[in-house]
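Line order of the protein sequences matches chains A and B. In our numbering, each residue's number is its place in the first sequence (first place is 1) plus 53. In our numbering, each residue's number is its place in the second sequence (first place is 1) plus 158. A virtual CB, placed ideally from N, CA and C, is assigned to each residue, including glycine. This report refers to the structure that appears directly beneath it.
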Amino acid sequence: GEDVEQSLFLSVREGDSSVINCTYTDSSSTYLYWYKQEPGAGLQLLTYIFSNMDMKQDQRLTVLLNKKDKHLSLRIADTQTGDSAIYFCAEMEGGSYIPTFGRGTSLIVHP
Amino acid sequence: GAGVSQSPSNKVTEKGKDVELRCDPISGHTALYWYRQRLGQGLEFLIYFQGNSAPDKSGLPSDRFSAERTGESVSTLTIQRTQQEDSAVYLCASSRDRGNQPQHFGDGTRLSIL
Numbered sequence: 054g055e056d057v058e059q060s061l062f063l064s065v066r067e068g069d070s071s072v073i074n075c076t077y078t079d080s081s082s083t084y085l086y087w088y089k090q091e092p093g094a095g096l097q098l099l100t101y102i103f104s105n106m107d108m109k110q111d112q113r114l115t116v117l118l119n120k121k122d123k124h125l126s127l128r129i130a131d132t133q134t135g136d137s138a139i140y141f142c143a144e145m146e147g148g149s150y151i152p153t154f155g156r157g158t159s160l161i162v163h164p
Numbered sequence: 159g160a161g162v163s164q165s166p167s168n169k170v171t172e173k174g175k176d177v178e179l180r181c182d183p184i185s186g187h188t189a190l191y192w193y194r195q196r197l198g199q200g201l202e203f204l205i206y207f208q209g210n211s212a213p214d215k216s217g218l219p220s221d222r223f224s225a226e227r228t229g230e231s232v233s234t235l236t237i238q239r240t241q242q243e244d245s246a247v248y249l250c251a252s253s254r255d256r257g258n259q260p261q262h263f264g265d266g267t268r269l270s271i272l
């Protein structure tokens, strides 16, 4: 079945860039998502990308997709303490309606 | 409402009791999902409702779990004869329709079984 892998932890200094990586196995993945989860809250959609795109930028967020390697990354520029959260990568096949989520990467931003 | 609302936000109960969790989706969202999130884990799909179609129950872990939804409104997830392994955060999400529409999540119900 489909699998989505993420590293569990990332620690960065405030003001630096953060890069959170994700790999997936389903070659028919059409939609790829990044969600943010703050403590005690549900998941908040940050951005998403279609598989026919290589890159998407939205303010401080840049998503890069390497479809050949099935690798997705989320770059957060000028990381702030408010960015500390768990970031989930998810993929969904075209025609499906149930995304597959990774286990989440806990981003820790320290001064 | 403005967002997906779940209640209660926290529930502590004794093993063997039944619990009922509630989800109010965003108005106009025809698709509704229930997920389970165990500590330090990703999201585990439980059940999916789309309009008046038969729900996709393929993720329900046992027959102790059931869910209902009336039309395109409120949904309830019921867990009968709770076990300690049921302790988790139960998240509800809704979206405009099936397919690629992004899901909007509630803040979840944190269920603790003693």
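| Check | Outcome |
| --- | --- |
| Residue span of the beta strand (DSSP E) that contains Met145/A, given as start and end | 138-146 |
| Paired residues, beta bridge with Tyr86/A - DSSP | Tyr101/A, Ala143/A |
| Same chain, Cβ closer than 8 Å to Gln90/A, neighbours up to 5 away in sequence not counted | Leu96, Gln97, Ala138, Ile139, Tyr140, Phe141, Gly157 |
| Below-8 Å beta-carbon distance, Tyr140/A vs any chain B residue | no |
| Cutoff 8 Å: Gly200/B Cβ touching any chain A Cβ | yes |
| Residue environment, Ala212/B, which counts as buried when at least 16 other CB atoms sit within 10 Å | exposed |
| Nearest-angstrom Cα separation, counted from Met106/A out to Asp214/B | 30 Å |
| Beta-carbon neighbours of Phe203/B, restricted to chain A and to distances below 7 Å | Ile151 |
| Residue interval of the beta strand (DSSP E) (run including Asp111/A) | 108-111 |
| Contact belief for Ile102/A with Leu85/A at Cβ below 8 Å, rounded distance in angstroms | 5 Å |
| Cβ-based neighbour list, Thr76/A, same chain, cut-off 7 Å, excluding 5 preceding and 5 following | Glu58, Lys123, His124 |
| Residues bridged to Asp64/A [DSSP beta-bridge criterion] | The sequence given here places Ser at residue 64/A; Asp does not occur at that position. Beta-bridge pairing links Ser64/A to Ile161/A. |
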